[in-house]
Every structure is written in C-alpha cells, then in structure tokens.
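Here is the structure we will look at, set down as structure tokens.
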Amino acid sequence: MNWIKTSLKTKLNITGNILIYYTAIILLMVIAVSSLMGIVISRYQEKHLLAAHIEFYPELIDVLVDKDPLILEALSDNESSGANSKKIQAAVDGILRIKGVVDAALINSDGEIVAGNNRDQSLKEVESDQQFIKALSGYTDYKYSKNDGIYTMKLYIPVKSGGNIKGVVYLSESGSHLTSIVHGSSSTVFLIIVFCGMLLYLLLFYIFYHSYRKQSTINKHLRQTQDVTIFALGYQAELRDLETGKHIERTSAYVKILADELKKHSKYKSYMTDDYISDLIRSAPLHDIGKVAIPDSILLKPGKLTDEEFLVMQSHAVHGSDILERAEERLSFPSFFKIAIQMSKYHHEKWNGTGYPSGLSGEDIPLSARIMSLADVYDALSMRRPYKEAFSHEKCVKIIAEESGRRERKKF
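Position 373, counted from 1, in the sequence shown is what the working numbering calls 401; the numbers after and before it change by one each time, with no gaps.
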C-alpha cells in the first residue's frame, strides 16, 4: 500500500499541492450545501406529496356517493333494509380495497357507525378525536404521525349533498404503503440534488485543475527564467576568472549534497525543509557576485596578493551583499535573496572568528553561509590552480578536518 501512496503523491504532487486542498474544501462545501438543500427540498416535497395524496380521498368519496345514493340514505336513516345495508357495506369494502387503507367507516352526523369493517375501533377513534367534529363543519381533516420512520394517517372526509353535511367517512391508512410513497419520492429528490451537486463539483474541479495546470506551467517557466538569470549573474563574475572554471555549478552541487546530509540530523531536520534547501541551491551561484567590483589587476593576479590587495579582494563579500540587498529592496514579498545575502557576505567567516568581513564566530555565522563556506573551500582544494595541483577527495576532507577551530568540523 505504501508504494501506491508514494506513486500517487509523485504523480499528483499531493504534498503541498494547493489544488488538492482547495478542491477538497470545495467538495466538502458542495456535499454540505447539496445535502442541506436535499433535506429542505425533500421535506417540502414530502409535505406537498402528503397534501396531494390526501386530496385524492375527498374526490373518491364524491364519486362513490354519486354512484351509490344509498350511502346518503343510510346516513340520513339508520333503519336501512338488510339488502341496502349489504350494498352500503359493499361500498365501504370498496374503499378498503384501496391500497394502503386498513380501516374505513361510514359515520352519520350523530357519530353513529352506519357501516365499517371494525366498528368498535372506529367508534373509539371517533369518540376520542376532535377531527370528526371539524369534518362535520365541511372540512376534510387528517392527522399523520411518524414513528421509527413509519408514517400512519387518519382522515375524516365530509359527505356532502346539496350543500349539507350528511356524515363523515373515516379512513385509516397503513404506514408501510404511505411510507413507501413518501420515502421513495423524497429519497429520489434528495439523491438527484446530491448528484447535481457532485456534477457541479466535477465541473468546478475541471475548471480549477485546468487553471492550476496552466498557472503551474507559467510558474515553472518563470522559475526557470529566474534560475537562468541568477546563473547568468553568477557566471558574469566567474567569467573574469577563467581559472576557476564552472565554479558556481560545482559549489551549487556541493551545497545540495551538504544540505541533504544535514537534513538527516535531528538538530537540523526541522530547519532544512525542501523549500529552504531549494533556496540554498538557488542562492549558491550568487555567493561571489561581488567580484565584479574587484579590479582585474587584483582578481587575476597570478602571484601572492599584498596586504592592501588582499583587503580589496576581501571587499567582494560586502559588495556582493550590497548588490543583493538593493535588489531585495525592490521586492514586496519575502524571497530567497535573504539567504543569498547571507551566503555572499559571510561565506568567508571562520568558526573561530578569524574570517571576514565581520569576524563572526560559531553559531553567529548563518547556517547558509557555513554550508557555502565548506562547499567553496572544498572546490578550491579539489580543483587545479596556478599555484597548486588538484587534491583528491580524501586529501580535501583531511585538510578540512585538520582545520580545527576554523571550520565547524564536528557538524560538517
């Protein structure tokens, strides 16, 4: 599983990828909003569906009364013949055949059960329910409840004739049928809304991803342009001293090696982030940029420099930091120039305080400058100069290690 995660991170650049974080937030918002809308609309639709379902029954009763005048006669006169009673009961049984109806009764205006499948239960409901009285006023009334997700409903429907209320039809509808109707419709509405929300998210993700890729390409090209410009600035100083040959390229590589190694140590692990290491590598080519201010007579002198000439040579550290500080002042945001300034100004400082230009010592020397100093010294030892041959790696390491008090040898 770990290799799968690693592969995904490599392909999608998940770590630190603002697109992933941003679209994750959008996804959560879309899910939350669409779910909320689904709940609100499905509940509204639920009430509307119940109302439409209830309106069906008064229309049905009107049709039954029109087809069977005996219903009105039975409500007006309890003394119905046996044959008529059977016909009235048959009409009630017809109501019971409606899917979901479990109880039905025909009740006259006095509250007496004329016909029904469960007279005792129906009478009990009528005696204890004020809805019957409301129905006698000419209004269809209903009451539904929801227990454990199951709906149940009782209806009282007035039976009218010539503008007069003759009685009431009582119905009780089973929970399972009503629940299936309401839940089925509400669930469909909810799922449709959530599905539309997800489609919206996918559309937004496509737009964000397309914009992100385009912006990433622009940023990549800009970064490469900056790196090339930085290299050109550093190379400008190097061109004046051809003996050093590709010095900035080699020292940049050494800086990366040292930084990666320091990252493994607990003391520097939190400090040596990927961004910090990247800034170190980008800054390294600028460490000797101040040499552009040194006269050729001193910079290219084949022999030993006089004390006065050496002081002029030392000034390249200050000149370099001045150049970079002026550049940094024109920026309105933090940049790697701060590290470049440290490298340029302090890469000739010594651990024991005998370096230049400020005579810093120990931990007072910025870490970036200490790394640059070691890379610079190693390159000077390992390359051929007019006054010496190139030293092997082993000899370079030995010389650096022997400079006790001048280099931070225990840590580097």
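Just so it is clear, CB atoms sit at the ideal spot from N, CA and C, and this is done for glycine as well.
Every value quoted in this text rests on a predicted model; they were computed, and no experiment measured them.
Residue environment for SER298: exposed (fewer than 16 other C-beta atoms within 10 angstroms of its C-beta). A distance of 8 Å or more separates the beta carbons of SER63 and VAL217.
Within a 10 Å sphere around the beta-carbon of SER349 sit 16 or more other beta-carbons, which makes this residue buried. Apart from sequence neighbours up to five positions away, the residues of its chain that approach GLU337 with a beta-carbon distance below 6 Å are ILE326, ordered along the chain.
When only Cα atoms are considered, SER189 and ILE220 end up about 45 Å apart. Taking 8 Å as the cut-off, the beta carbon of HIS421 is found no closer than this to the beta carbon of MET400. Rounded to whole angstroms, the gap between the alpha carbons of ASP169 and GLY195 is 14 Å. Around LEU164, the same chain offers SER137, PRO186, ILE193 and VAL196 as residues with beta carbons nearer than 8 Å, after the five sequence neighbours per side are excluded.
For VAL425, the enclosing alpha helix (DSSP H) starts and ends at 421–430. GLU356 is not a Cβ neighbour of ILE367, given a cutoff of 8 Å. When DSSP assignments are scanned along the region 47–84, no uninterrupted stretch of alpha helix (DSSP H) that is 4 or more residues long falls wholly within it. Burial is judged here by how many other beta carbons sit within 10 angstroms of a residue's own beta carbon; PRO362 has fewer than 16 and is exposed. The C-beta distance from SER311 to MET226 rounds to 46 Å, too long to fall under 8 Å, and the pair is not in contact. Per the coordinates, the alpha-carbon of ARG125 lies some 24 Å from the alpha-carbon of TYR167. About 7 Å separates the Cβ atoms of LEU134 and ILE99, confirming a contact at the 8 Å cut-off. Scanning its chain for C-beta atoms nearer than 6 Å, with the 5 sequence neighbours on each side dropped, one finds around ASP307 the residues PHE364 and ILE367, in chain order.
For SER173, same chain residues with a beta-carbon under 7 Å away, outside a window of 5 residues either side, are THR180 in chain order. Contact between LEU261 and ILE317 holds: their C-beta atoms lie close to 6 Å from each other, under 8 Å. Cβ neighbours of ASP255 within its own chain (closer than 7 Å, five residues either side excluded): ARG310. By the CB criterion at 8 Å, ILE258 and LEU333 fall outside the cutoff. Pairing LEU231 with HIS238, the inter-Cα distance amounts to about 11 Å.
Between ALA418 and LYS373 a beta carbon distance of about 28 Å is seen, past the 8 Å cut, so the two are scored as non-contacting.
One thing to note: TYR85 has its Cβ within 8 Å of the Cβ of LEU199.
By the Cβ-count criterion, GLN159 is buried, with 16 or more other Cβ atoms from all chains shown falling within 10 Å of its own Cβ. In this structure, the CA atom of TYR50 is about 26 Å from the CA atom of ILE305. In this structure SER202 is in contact with VAL130, their Cβ atoms being roughly 5 Å apart against a cut-off of 8 Å. For GLY348, the uninterrupted alpha helix (DSSP H) segment begins and ends at 344–357. The DSSP assignment places complete alpha helix (DSSP H) segments of no fewer than 4 residues inside the region 273–299 at 275–290 and 294–297, in order along the chain. The C-beta distance from TYR296 to LEU290 rounds to 4 Å, short enough to meet the 8 Å contact threshold. TYR198 is bridged by DSSP to ALA133 and TYR184.
Separation of TRP379 and ASP404 (C-alpha to C-alpha, rounded to the nearest whole angstrom) is 15 Å. Pairing SER215 with VAL68, the inter-Cα distance amounts to about 12 Å.
The distance from the Cβ of GLY383 to that of GLU377 is about 4 Å, consistent with a contact at the 8 Å cut-off. Nearest C-alpha to ILE276 among ASN145, GLY128 and ALA408: ALA408.
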